[in-house]
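Okay, so the sequence shown: first residue is 128 according to my numbering, each after it adds one.
All residues carry an ideal CB built from backbone N, CA and C; glycine is no exception.
Reviewing the structure listed below.
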Amino acid sequence: MNPILRTQLAGVARRPARMLLTGLAVLVASFVVYATVLAQQITQRSIVDGLSGTPEAVDLVIRQGSIDDRHLAAINAIPGVSRTSAQTEIGAQLGGQYLNISGDPGSGPLALVSVTEGRYPSAAGEIAVTPRTVQLLGLKVGSTASVDPGTGKKVALRVVGVVKPPVDFGNDAYAPASTVLALTVDHLVQGIYVDVDAGTDAGPVRDRIEALFAGAKGEDRPEVVTGADVRLAEARDAASQVDQVFAVVGMFVGIAVAAAGLIAASTFRIVFAQRMRQLALLRAIGAGRSATFRALATEGALTGLVTGAVGVAVGQGAGFAVPALLRGIGWNVLNPGIPVLWAAGTILLAVVISVVAVLAPAVSAARVAPLEALRTAAGTGARTGIGVLRWIAGLLPLAAALALAGYVYTNLPGLDERDYDPQMMLLAVVASGALAFAALIALGPVLVRPVLAVTGWPLRRLGPVGRLAVGGVGGSARRAAAVSVVVALGVTLVAGVLVGGASIRALGDRELAAAAPTDFEMTGGDGSTLPEEIVTRAKASGELTRVTPYRRLTSAKIAQFEGTAVTDLDVRALPRLRDLDVRSGSVDELKPGTTVVAGYLAEMAGLRLGDTVRVENQGRTVSLQVVAVLGDDAPLHAGLLVVPADLTAMGASGGWSGMLADAARDGASARTEALRAMRAAAGGKSEFTVAVLADQRDALDAELATLLGIALGLIGLTVLIAVVGVGATTALSVVERVRESGLLRAIGMSRAGLRTMLTLESALYGVIGAVLGLLLGVPYAWLALRATGANAPLAVPVWQLAGAFLILVVLTALAGVLPARRAARVSPVNALGTD
């Protein structure tokens, strides 16, 4: 064996903690990679096992083609058929609102719903509704729904129960298939579930069913497939969606792996720098450069092998423990098995990461001259400058990054620009960001000092401990840069997600301000108007606030465009209308003789701020000056917004077209009470429809919250690697700076002071990285947002960014707590005797 390698391995055996700390980031990366593989397997297995939409008891499925109630009766009469369930539904109008009525047996192995209140319908004219339908449409047990199933005649249906469905959209009702078919004209069904008698071969039953449709041709002939095939297809479809999700997850895992490589390179550099005296002595007694390099590279490979194996083992344990815990709380989650190839691949990946990470530090360490033995390790490792090659390696990608960013900026799309392809522009933004980060890696030691000079100023005011902490970080600028760059990567991604999310939310608020300016809207069916007493009752209700009636014309003609909607909604009465996207002018300038124009109408009619628009309706013509042009729709999807006097001049009647209102208080229960108050204001008349506009905002908020949560969770992998890197760096610093710690204790520094100093050093890594990350993340988030072509405003969530900044600094500080406590426990005498 190479004597140098034997010496290195002996050192590892004496200090196994050094290997663990050196490869800790690789260990965490290995765990993340392998745990992601196991999570994907758990998800896919669980979906295939039982999360398809077709009940397990279904043996045969008749679908597509032309199927009616006569076929259903014939199938029920086939020997061996135990039971059937017709999949049929019909859309009905309930006082201007939509009610979807679906067929379901309500109980038994073929049922998709289960009763939670009352009973399931058993007679003609009875239905059961979902919980959200009770809330939104006011159909509770005992009430009667007068619906029009599309025949022009109303049918009375009595609500006898509430059921739990697979999905609740808030306009769903269920009944036996016979009840639903009785409401239809053609008595067609969309499909039939068939359950075969126990012990009966489904093959002959399938042949008999197919014989029933032998005379049908082309698209009219139904398809008869097994329930197992349908469930498998549903499961595969769901699994393909899982694959798409995990493809995105894999991208973030790749970023985390790259971060682990950077941390590993940093820690190897620290370890080799602190061993400089030992390496120089080995060179002095005849060790060659190549032998030294091979020994150090082998040590890196061994570190990757050990830490990769440990990461896989921990991941496998978590892969079996997490499903067991989930099953304990009632979730049907399966174990992932033991994917041997993935385990071996993950360990190999850890070895590759470690070898790649160790190459540059090993080359530097192998070049050490024997005269370095006369220097101290600390002096060797504290170099702060960078060479010419590193300057070139940093400035070239920086110039390329700026050039790409400039290209994107100069080619950003205008408002509603057509034939714009955002894909290439977004790729250019990503490439520019990657180049900028490469430049940051190379130029990091140069950037650390100015950032530290600003961020470290408050710590210097704390006295000697603060000054020593700042000096400790500034004295090892390369080390600080190597760790802070990974922190900066995590903060860049976090800042990008937060800024992007806030901007998209602002864009959504603009669009919803026009479409859903309040929680509720009441309108009359078939163009009827609302009586004044409805508005009066609504304003008198304590559950409602900002009750705002409005009028609306739908037949106005502007230029060659007929059927333009015009409304006189009072924008000053509704706070959410302040979020309207105003491209030019001001909505506050609206007064008699003026108008606010929707963006789409302004574009089609060629209208601009200050122009005069002629509005024709029922032989009347009104000329209005444009005082504001909106981004898209005017409120309530109108083309023009005017004052009441001008709408009257256009021929509008005095009756209200609709009424908007907000719930008086926040919360789900307050909104439910407000919805009841809206219906009470209508006096129980079903022709007045109440739409819950707040559902649109809730849906947008839920989607954004979910996407942001997932994105931040995935970015958390990179942040985790960064925090681990800070902890490992601090721990290695403690291990290798024992003499320095002992000297500080010997000249009077207390244990608490030493702990504080080392903890502050860890926190400073987070501060430097967070500052660099914000400086990169916010501009690139804005550039990426503009490159998408979306007309979204730049929204910088200052408090969220500040919170992320503080959380990361606290995490990096906590990463240094345990190493700092260890350093403080070493006695000064023993520390000064350490070589």
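Legend entry - Three-state secondary structure (DSSP) of A942: Look at A942 here: in three-state DSSP terms it is helix.
Legend entry - Proximity to E216 [Cα-Cα], best of Q262, D695, G245, D313: Relative to the Cα of E216, the nearest Cα in the group Q262, D695, G245, D313 belongs to D313.
Inset, instruction - Kindly indicate which residue of G446, L887, P702 has the alpha-carbon position closest to the one of A788. - result: Taking only the C-alpha atoms, the option nearest A788 is P702.
Inset, instruction - Identify which residue in G279, E253, G326 has its Cα closest to the Cα of S209. - result: Here the closest residue by C-alpha is G326.
Legend entry - Nearest-angstrom Cα separation, counted from I228 out to V290: As the crow flies, the alpha-carbon of V290 is around 13 angstroms from that of I228.
Legend entry - Own chain partners of G233 with C-beta closer than 6 angstroms, once the 5 adjacent residues on each side are dropped: Scanning its chain for C-beta atoms nearer than 6 angstroms, with the 5 sequence neighbours on each side dropped, one finds around G233 the residues Y247, in chain order.
Inset, instruction - Let me know the alpha helix (DSSP H) ranges lying completely inside the stretch 700-763, each 4 residues or longer, listed in chain order. - result: Listed in chain order, they are 726-732.
Legend entry - Run of the alpha helix (DSSP H) containing T278, from where it starts to where it stops: Looking at the DSSP string, T278 is not in any alpha helix (DSSP H), and its letter there is neither H nor E.
Legend entry - Start-to-end residues for the alpha helix (DSSP H) that takes in K666: That run of the alpha helix (DSSP H) goes 659-667.
Legend entry - Straight-line gap, F158 to L452 (C-alpha atoms, nearest Å): Computed Cα separation, rounded: 19 angstroms.
Legend entry - Close beta carbons around Q1005, own chain, < 6 angstroms, minus the five adjacent residues each side: Because the chain in this structure spans residues 128 to 962, residue 1005 falls outside the shown range and cannot be described.
Legend entry - beta strand (DSSP E) segments (min. 3 residues) lying fully within the stretch 302-362: With a minimum length of 3 residues, the continuous beta strand (DSSP E) runs that stay inside the stretch 302-362 are 315-323, 350-353.
Inset, instruction - Starting from the Cα of Q214, find the closest Cα among A238, A436, S780, F688 and give me that residue. - result: Looking at the Cα atoms, A238 is the closest of the given residues.
Legend entry - Uninterrupted beta strand (DSSP E) stretches inside the stretch 176-240 (no shorter than 3 residues): For the stretch 176-240, the full-length beta strand (DSSP E) segments reaching 3 residues or more read 187-195, 208-214, 216-221, 224-230 along the chain.
Inset, instruction - Using 10 angstroms around the beta-carbon of F296, count the other beta-carbons present and answer buried if the total reaches 16, otherwise exposed. - result: Of the residues assessed, F296 falls on the exposed side of the cut-off, its CB having fewer than 16 other CB atoms within 10 angstroms.
Inset, instruction - Starting from R637, trace the beta strand (DSSP E) both ways and give me its first and last residue. - result: Segment 604-642 is the alpha helix (DSSP H) holding R637; no beta strand (DSSP E) there.
Legend entry - K718 to A821 span [Cα, whole Å]: The alpha-carbon atoms of K718 and A821 are separated by roughly 29 angstroms.
Inset, instruction - Could you say which of I205, F815, V905 lies nearest to G330 if we only look at CA atoms? - result: Looking at the Cα atoms, I205 is the closest of the given residues.
Inset, instruction - Express the C-alpha separation of L835 and G943 in angstroms, rounding to a whole number. - result: The straight-line gap from Cα to Cα measures roughly 29 angstroms.
Legend entry - Nearest candidate by alpha-carbon position, reference R735, set T722, E743, R747: Nearest C-alpha to R735: T722.
Inset, instruction - Could you check what DSSP says for T243 in three-state terms: helix, strand or coil? - result: Reduced to three states, the DSSP call for T243 is strand.
Legend entry - Option nearest V380 by Cα separation, candidates G446, L339, L476: The residue among G446, L339, L476 with its C-alpha nearest the C-alpha of V380 is L476.
Legend entry - Counterpart residues of E648 in DSSP-defined beta bridges: The partner list for E648 (beta bridge, DSSP) reads L787, A818.
Inset, instruction - Label R798 either buried or exposed according to how many other C-beta atoms from any shown protein chain fall within 10 Å of its C-beta, with 16 as the threshold for buried. - result: The residue in question, R798, is buried, as its Cβ has 16 or more Cβ neighbours within 10 Å.
Inset, instruction - Reducing DSSP to helix, strand and coil, say where V287 ends up. - result: V287 falls in the strand class under three-state DSSP.
Inset, instruction - Pair every Cβ in the stretch 555-573 with every Cβ in the stretch 603-618, then say whether three or more of these pairs are closer than 8 angstroms. - result: Touching, per the Cβ criterion.
Inset, instruction - Have a look at T434 and L165 and give me their C-alpha separation to the nearest angstrom. - result: When rounded, the distance between both Cα atoms is 18 angstroms.
Inset, instruction - In the DSSP assignment, find the unbroken alpha helix (DSSP H) run with I519 in it and report its ends. - result: I519 -> alpha helix (DSSP H) spans 515-537.
Inset, instruction - Could you pull out every residue in the same chain whose Cβ sits closer than 8 angstroms to the Cβ of I194, ignoring the five residues on either side in sequence? - result: Non-local C-beta neighbours of I194 in its own chain, meaning closer than 8 angstroms and more than five positions away in sequence, comprise L315, V316, Q317, G318, I319, P349, ordered along the chain.
Inset, instruction - Would you mind stating whether L339 and A200 have Cβ atoms separated by less than 8 angstroms? - result: No Cβ-Cβ contact shorter than 8 angstroms links L339 with A200.
Legend entry - Inter-stretch contact at 8 angstroms, needing at least 3 Cβ pairs: the stretch 882-896 / the stretch 522-532: In this structure the stretch 882-896 does not touch the stretch 522-532; the number of beta carbon pairs closer than 8 angstroms is below three.
Legend entry - Expected contact under 8 angstroms - CB spacing of A609 and L903 to nearest Å: Contact doesn't hold; Cβ gap of about 17 angstroms is too wide.
Legend entry - Check whether V1033 and I685 have beta carbons under 8 angstroms apart: Past the edges of the chain, shown from 128 to 962, lies residue 1033, and the structure says nothing about it.
Inset, instruction - Quick one: using the 10 Å Cβ neighbour count with 16 as the cut-off for buried, is I254 buried or exposed? - result: The residue is buried, with at least 16 neighbouring Cβ atoms inside 10 Å.
Legend entry - As assigned by DSSP and simplified to three states, the class of L671: Of the three classes helix, strand and coil, the one that applies to L671 here is strand, per DSSP.
Legend entry - Boundaries of the alpha helix (DSSP H) in which S889 is found, first to last residue: Element bounds for S889: 878-914.
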